[in-house]
Structures are given as C-alpha cells and as structure tokens.
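Colleague: Numbering (the working numbering), first residue to last: 2 to 211.
Heads up, the beta-carbon is just placed ideally off N, CA and C, and yes, glycines get one too.
Could you have a look at this structure, given as structure tokens, before my questions?
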C-alpha cells in the first residue's frame, strides 16, 4: 500500500512537472512570437520612416532644382535684358539704329576709368532696354574703329541718333543734332545722369516715352 502511494505521488509529480514545462515552453513561445512581431513592427515603421525621409529629401531636392531652374532662368532673362553690346564693326551700330538711339562708349581694357564705367553701362542697358542700345568699343580689339572715330583720349562716349548722307548724326548736350562728333562727344568718366539726359533728349525727339 505504501509503495502504491509513493508511486502515485511520484506520478503526480511527473505530471505536474510536465505541465509546468509545457506551460513554460508555451509562454516562451508566446514571448518569442511577441518579440518577433514587435521587431517586425519596428522594421516596418523604420522602413516607412526611411521611405518618408527619402521622399522628403527627394522632394526637397526637386524643389531646390525647380527653384534653381527658375533662378537661372530669371538670371538669364535679366542678363539678356541688361546686356551691353560689344561692337567690333559699324554694321552693328547701323543695325541697332533701326531700333533707336545708340550710346557708343569707346575705351580700352587697359583704361581704369573705362573699366569703372562697366556697371553703369549695364544699368543703362537695363533702364533703356527696348528703347536705346548701349554699346562698348575696345580700341585694342578694334583699331579700325579707333581710327574711324578719331579717338585720342578714352573713355570717349557719344550718342548716335541716325545716319544722314552716309554720316552719323549725334545728339548734343543742348538737344540739337550734329554730324560733328567732336561737338557731341562726352569725354572722360561722367556720372550716370549725364548719359541718361542725353538719351532722354533723343527719345523725346523721336516721340518715345522715357
């Protein structure tokens, strides 16, 4: 009888231990599954975050490219609208005269005052775009034009308003015109208003708005 009781107790202990082992394994399996699912969620969220960040960066790059393109276009349009025409032949002046007065600045790349006039000439080109042409002649590059205009001192600037009997007609400071360039030339580097006044006189005589 004692032996039977001992056997029953041992059997109960084995059954209990087996139950604990199964439950522990079950819990361990459940915990492992939960950890795996948590990792999957983290990976998914991580992928989505990376994807969103990539899209954001790409979108930012696209916007930057668009803005850059727009800025380049605007910059190019401004440059085209404010360009000073480099003249190397009289034909360029003759063609420009069909559109309006032509301001001709004659100088040299070795002349300090001539180079200092460049920003001002660009401003004039922008201000009078479509109304008058602003040009520049470098006597070191075009010695034939230096001889034609009889240049002795630079910078030497004049405003051509037309052609009469094969000769250029120049606007003088008082609003009258002459074929004698020496009476109409502007010698040296002057302030911007001097050139504006001369161009405005020519435009008014042509009946164009200033």
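So, at 8 angstroms on beta carbons, what are the nonlocal neighbours of residue 186 in its own chain, with the 5 sequence-adjacent residues on each side left out?
Modeller: 157, 158, 159 and 171
Colleague: Please state whether the Cβ-Cβ distance between residue 127 and residue 101 is less than 9 angstroms.
Modeller: no
Colleague: DSSP has residue 142 in a bridge; who is on the other side?
Modeller: Bridge partners of residue 142: none, in fact.
Colleague: Could you tell me which uninterrupted alpha helix (DSSP H) segments, each at least 4 residues in length, are contained entirely in the stretch 106-136, listed from first to last along the chain?
Modeller: Qualifying alpha helix (DSSP H) stretches, in chain order: 113-117 and 119-128.
Colleague: Residue 141 and residue 90 - do their beta-carbons sit closer together than 9 angstroms?
Modeller: no
Colleague: For residue 212, which residues does DSSP report across the bridge?
Modeller: Residue 212 falls outside the range modelled here, since the chain spans only 2 to 211, and no answer is possible.
Colleague: Can you have a look at residue 169 and say buried or exposed, based on whether 16 or more other CB atoms are within 10 angstroms of its CB?
Modeller: buried
Colleague: DSSP state of residue 96, grouped into three classes?
Modeller: helix
Colleague: Closer than 8 angstroms by C-beta to residue 199: which residues in its own chain qualify, once you throw out the five before and the five after it? Chain order, please.
Modeller: 104, 160, 172, 174 and 187
Colleague: Whose CA, out of 179, 137 and 88, lies closest to the CA of residue 117?
Modeller: Residue 137 is the option with its Cα nearest to residue 117.
Colleague: Taking only the alpha-carbon atoms, compute the straight-line gap between residue 144 and residue 111 and give it to the nearest angstrom.
Modeller: 14 angstroms
Colleague: Residue 103 by DSSP, collapsed to three states: which one?
Modeller: strand
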